[in-house]
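Visitor: Chains Z and Y, in that order, are what the protein sequence lines are.
For the first sequence, our numbering assigns the number 1 to the initial residue and increments by one for each residue that follows.
For the second sequence, our numbering assigns the number 325 to the initial residue and increments by one for each residue that follows.
Quick one: structure below, then a few questions.
2 protein chains.
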Amino acid sequence: MDIKGLLETNDVREEHTFSSEAETVPDTPAKHNPSKRKRSEEKPAASSNTAVMSAATKRPSASLRFEPSFLGTTKMSGLVRVIGNFLQHYLLNDTVGVMEIEAKVGNIIDPQTNKRLVLPVLSECVLNPEFAPSVNFRSDMTQSEHKHYNDFLNTAFVNAQRPGRAPMKYKHTKEIDKFFEKASHGKVRVSRNVADNTLMACIEKRRIADLFVYCPNNHFDFRISISDEIPVPLPKDESKPSFSREKDRVGYVHQDIHIDLTQTYQKNARSGTTSKRHELEVEFGNTPKLREYAESARNGSPLAWERVLNLFVENIRILLLQTA
Amino acid sequence: MDIKGLLETNDVREEHTFSSEAETVPDTPAKHNPSKRKRSEEKPAASSNTAVMSAATKRPSASLRFEPSFLGTTKMSGLVRVIGNFLQHYLLNDTVGVMEIEAKVGNIIDPQTNKRLVLPVLSECVLNPEFAPSVNFRSDMTQSEHKHYNDFLNTAFVNAQRPGRAPMKYKHTKEIDKFFEKASHGKVRVSRNVADNTLMACIEKRRIADLFVYCPNNHFDFRISISDEIPVPLPKDESKPSFSREKDRVGYVHQDIHIDLTQTYQKNARSGTTSKRHELEVEFGNTPKLREYAESARNGSPLAWERVLNLFVENIRILLLQTA
Chain Z
1 MDIKGLLETN DVREEHTFSS EAETVPDTPA KHNPSKRKRS EEKPAASSNT AVMSAATKRP
61 SASLRFEPSF LGTTKMSGLV RVIGNFLQHY LLNDTVGVME IEAKVGNIID PQTNKRLVLP
121 VLSECVLNPE FAPSVNFRSD MTQSEHKHYN DFLNTAFVNA QRPGRAPMKY KHTKEIDKFF
181 EKASHGKVRV SRNVADNTLM ACIEKRRIAD LFVYCPNNHF DFRISISDEI PVPLPKDESK
241 PSFSREKDRV GYVHQDIHID LTQTYQKNAR SGTTSKRHEL EVEFGNTPKL REYAESARNG
301 SPLAWERVLN LFVENIRILL LQTA
Chain Y
325 MDIKGLLETN DVREEHTFSS EAETVPDTPA KHNPSKRKRS EEKPAASSNT AVMSAATKRP
385 SASLRFEPSF LGTTKMSGLV RVIGNFLQHY LLNDTVGVME IEAKVGNIID PQTNKRLVLP
445 VLSECVLNPE FAPSVNFRSD MTQSEHKHYN DFLNTAFVNA QRPGRAPMKY KHTKEIDKFF
505 EKASHGKVRV SRNVADNTLM ACIEKRRIAD LFVYCPNNHF DFRISISDEI PVPLPKDESK
565 PSFSREKDRV GYVHQDIHID LTQTYQKNAR SGTTSKRHEL EVEFGNTPKL REYAESARNG
625 SPLAWERVLN LFVENIRILL LQTA
């Protein structure tokens, strides 16, 4: 593109004070346009710098659209960028099986104190993976927090049905998961619908990687986990699981992002007691599509990738702010 | 707004599987719409949850606009939110004098090691002010980094002159600052244009607050400083400053945000040596307007405030990424 042309179409160019000191450091943009420099020399210097700056600042710009930066574009935030790099790495290098990518809401626990981690920062940030192995994660909340999220998501669901909105969907499921130890390492999970015993899944789930995001200004942190879910044959005897749990879940779906609010009841076979947990997670509903976006980003078309990453993080952020 | 009306205008409502288990926990949004519940009971349950989820996920939505979250809106990131709260606090509580709000690019220094601070995090975050007093800040860069920024900003300037863009302005100034100790606490700074000795400013600058932003993925961090600049009378004898420095600055202005790239030369009167520094800072050019936005945000209209905060942080982010 012709630089002279660019400058000539600039309707406020008379307001610029082009320096005639061509060889000084720092350089001014005038060096890109020698013909312009001559013109600026013909123009008397503004009476004072203050006046020039003031004119620049006060010039009405109502007719121009607002730009999100001096480049006219935005960059991904550091948080989204790091999460994106993490996911892209595994999406592009581990293409076997059905990948599950989910963020669980909860708290990063310092094992030294058994309390929430404390770092001297005030805003959300990704933990360095070299440091992260020394922390735990507790993905639980109180029943009243769970109820609050349920109400909030139900309202969001109703609002998302308005004309022009991208509608949300939801469904309520009750499943029972039975876990079976494998002769080799690992566990097989058989999930069945509680109502009619329909087989929902029989998989071996393997954790691939975790990324911890510390959110000191919120009540909760989150952990992003990547797992492989490999379909496996049904165990021979389903009546003898090593343990089982019941999941009562309301699942919301918006633009391929799943938000699941789940109560789990786990029976301890020995003590006969039941432990109850309340979980909230945000999951990519379409990892093959996500992998396509990650590949396109690698090949120079990052738009869809950045958009879906921002969507994922934004949804988590909104949920965390609900209890801030 | 009428909730029943909202649901009735939902063109995909037939795809929802409304649970008939009205009293189960978690609740489903069906409780908002008793008339709807009856209808759902008339509809046979979907054959399997997987099929329902799959239909929900795969439904073509090309005709709908993409939404940035399930609320259809975005929240400020934690980083921008903390910076906004910090600025808002001082803008609304300290309305005397001319406030200067600027972000300097540089490095947060751990005084124990005299090297850059190391925290176990991977993405940009605000330091907790209770921790921050124990760190230093070094707002300097190499001459070649400075040159790189100069070239980058000159290119940005040229691009911003394209039709439809919000144009950038720039000016090149050389000033000399002379500093005078006050009998009481503090310093007076007299700034004059080098070329013609024009008085640019005679002020007493007082630091009000600092906020440190750690950017472990970038070469530089940044520090946001709020200062009062109080106009004061000229000192009686300008020939006897306690020290003086020369500033060679290229200032760029885009949408009321100033980006200043400065070389300073400071002479040490005793040793006769000159020290040279290279600085980059991003400053709000119109703090009275910024204060108006902060007030509007407090009164329930946060749009302009959020926009200009995002602009400020985005501009800094772009500059930091230039050396990543």
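For every residue, glycine included, the Cβ atom is placed at its ideal position computed from N, Cα and C.
Remember, it's a predicted structure, so these values are computed and weren't measured experimentally.
In chain order, what residues of the same chain have a beta carbon less than 6 Å from the beta carbon of Z:K31, not counting five sequence neighbours either side?
Guide: Caution applies to Z:K31, whose pLDDT of 46 falls short of 50 and renders its modelled position unreliable; the value that the coordinates give is listed next. So the list is empty, once near-sequence residues are dropped.
Visitor: Which residues, in order along the region 435 to 461 of chain Y, keep a beta-carbon less than 7 Å from a beta-carbon of chain C?
Guide: No chain C is part of this structure, whose protein chains are labelled Z and Y.
Visitor: Please classify Z:S225 as buried or exposed, where buried requires at least 16 other C-beta atoms within 10 Å of its C-beta.
Guide: The residue is buried, with at least 16 neighbouring Cβ atoms inside 10 Å.
Visitor: Please list, in chain order, the chain Z residues whose beta carbon lies closer than 9 Å to that of Y:T398.
Guide: The answer, in chain order, is N310, E314, R317 and I318.
Visitor: Would you say Y:A490 lies against chain Z (beta-carbon separation less than 8 Å)?
Guide: With 8 Å as the cut-off, Y:A490 counts as an interface residue toward chain Z.
Visitor: Select from Z:D221, Z:I230, Z:L309 and Z:C215 the residue whose C-alpha is nearest the C-alpha of Z:I208.
Guide: The shortest Cα separation from Z:I208 among Z:D221, Z:I230, Z:L309 and Z:C215 belongs to Z:I230.
Visitor: In whole angstroms, what is the alpha-carbon distance linking Z:H16 and Y:R489?
Guide: With a pLDDT of only 29 at Z:H16, under 50, the local geometry of the prediction cannot be trusted, and no value is derived from it.
Visitor: Using a Cβ-Cβ distance under 8 Å, would Y:N373 count as near chain Z?
Guide: Confidence at Y:N373 is low in this model, with a pLDDT of 36, below 50, so its placement is unreliable and the value that follows should be read with caution. Closer than 8 Å to some Cβ of chain Z, the Cβ of Y:N373 qualifies, so yes.
Visitor: Do the region 405 to 415 of chain Y and the region 626 to 640 of chain Y touch if we need at least three Cβ pairs shorter than 8 Å?
Guide: Yes, the region 405 to 415 of chain Y is in contact with the region 626 to 640 of chain Y.
Visitor: By the 10 Å Cβ neighbour count, where 16 or more other Cβ atoms means buried, how is Y:A484 classified, buried or exposed?
Guide: Answer is buried; the Cβ neighbour count reaches 16.
Visitor: Report the three-state DSSP secondary structure of Y:K399 (helix, strand or coil).
Guide: Three-state result, Y:K399: coil.
Visitor: So Z:T323 is in the beta strand (DSSP E); what residue range does that whole segment cover?
Guide: Here Z:T323 belongs to no beta strand (DSSP E), and DSSP marks it neither H nor E.
Visitor: Pull up the distance between the alpha-carbon of Y:P444 and that of Y:N452, whole angstroms please.
Guide: When rounded, the distance between both Cα atoms is 14 Å.
Visitor: Any idea if Z:A183 is buried or exposed, counting beta-carbon neighbours within 10 angstroms, 16 or more meaning buried?
Guide: Classification for Z:A183: exposed.
Visitor: Determine the DSSP secondary structure at Y:L451, reduced to helix, strand or coil.
Guide: Reduced to three states, the DSSP call for Y:L451 is strand.
Visitor: Buried or exposed for Y:N639, going by 16 or more other Cβ atoms inside 10 Å?
Guide: The residue in question, Y:N639, is buried, as its Cβ has 16 or more Cβ neighbours within 10 Å.
Visitor: Assuming Z:E204 and Z:N193 make a contact with CB atoms under 8 Å, what is their CB distance in whole Å?
Guide: Going by Cβ atoms, the distance from Z:E204 to Z:N193 rounds to 20 Å, so no, they are not a contact pair.
Visitor: Here's the rule I'm using: 16 or more other beta-carbon atoms within 10 Å means buried, otherwise exposed. How should Y:E586 be labelled?
Guide: Here the sequence assigns Thr to residue 586 of chain Y, which means Glu is not the residue at that position. Counting Cβ neighbours within 10 Å, Y:T586 comes out buried, since at least 16 surround it.
Visitor: Which value, in whole angstroms, describes the spacing of the CA atoms of Z:E292 and Z:L91?
Guide: The alpha-carbon atoms of Z:E292 and Z:L91 are separated by roughly 9 Å.
Visitor: Identify each residue in the region 478 to 502 of chain Y for which the Cβ-Cβ distance to at least one residue of chain Z is less than 9 Å, and report them in chain order.
Guide: From the region 478 to 502 of chain Y, only N478, T479, A480, F481, V482, N483, A484, Q485, R486, P487, G488, R489, A490, P491, M492, K493, Y494, K495, H496, T497, K498 and E499 have a Cβ closer than 9 Å to chain Z.
Visitor: Do you know how far the Cα of Y:A618 is from the Cα of Y:G624?
Guide: In a straight line, the C-alpha of Y:G624 is about 10 Å away from that of Y:A618.
Visitor: Is there a C-beta anywhere in chain Y that falls below 8 Å from the one on Z:P235?
Guide: Z:P235 does not count as touching chain Y.
Visitor: Assuming Z:E279 and Z:D140 make a contact with CB atoms under 8 Å, what is their CB distance in whole Å?
Guide: At roughly 7 Å, the Cβ-Cβ gap stays under 8 Å, so Z:E279 and Z:D140 are in contact.
Visitor: Thinking C-beta only, is Y:Y494 closer than 8 Å to Y:F481?
Guide: Taking 8 Å as the Cβ cut-off, Y:F481 and Y:Y494 qualify as a contacting pair.
Visitor: Whose Cβ in chain Z lies nearer than 7 Å to the Cβ of Y:S393?
Guide: What Y:S393 touches in chain Z: L311, E314, N315 and I318.
Visitor: Can you tell me the Cα-Cα spacing of Y:R513 and Y:H578, whole angstroms?
Guide: Rounded to the nearest angstrom, the two C-alpha atoms are 27 Å apart.
Visitor: Which residue comes first and which comes last in the beta strand (DSSP E) that contains Y:Q590?
Guide: Where Y:Q590 is concerned, the enclosing beta strand (DSSP E) stretches over I581 to K591.
Visitor: Would you report the Cα separation of Y:A621 and Y:M423, rounded to the nearest angstrom?
Guide: Each residue's alpha carbon lies about 19 Å from the other.
Visitor: For Y:V406, return the contacting residues in chain Z, with the cut-off set at a CB-CB distance below 8 Å.
Guide: In chain order: L122, S123 and N217.
Visitor: Quick check for students: name the residue ranges of the alpha helix (DSSP H) that lie wholly in the region 139 to 197 of chain Z, counting only runs of 4 or more.
Guide: For the region 139 to 197 of chain Z, whole alpha helix (DSSP H) runs of length 4 or above, ordered along the chain, are 143 to 159.
Visitor: Which residue from Y:E469, Y:T398 and Y:F390 puts its Cα closest to that of Y:P626?
Guide: Measuring from the Cα of Y:P626, the nearest candidate turns out to be Y:T398.
Visitor: Should Z:L79 be flagged as near chain Y, meaning a C-beta pair shorter than 8 Å?
Guide: Yes, contact with chain Y.
Visitor: What residues of chain Z sit near Y:R631, judged by a beta carbon separation below 7 Å?
Guide: Here the neighbours are F66.
Visitor: So what does Y:T598 bridge to, in DSSP terms?
Guide: Y:K591, per the DSSP bridge assignment.
Visitor: Could you give the C-beta distance for Y:V450 and Y:I407, rounded to a whole number, given that I count them as a contact under 8 Å?
Guide: Confirmed, about 7 Å.
Visitor: Quick check on Y:E345: does DSSP put it in helix, strand or coil?
Guide: Interpretation of Y:E345 is limited by its pLDDT of 32, a score under 50 that renders its predicted location unreliable; no figure is taken from the coordinates.
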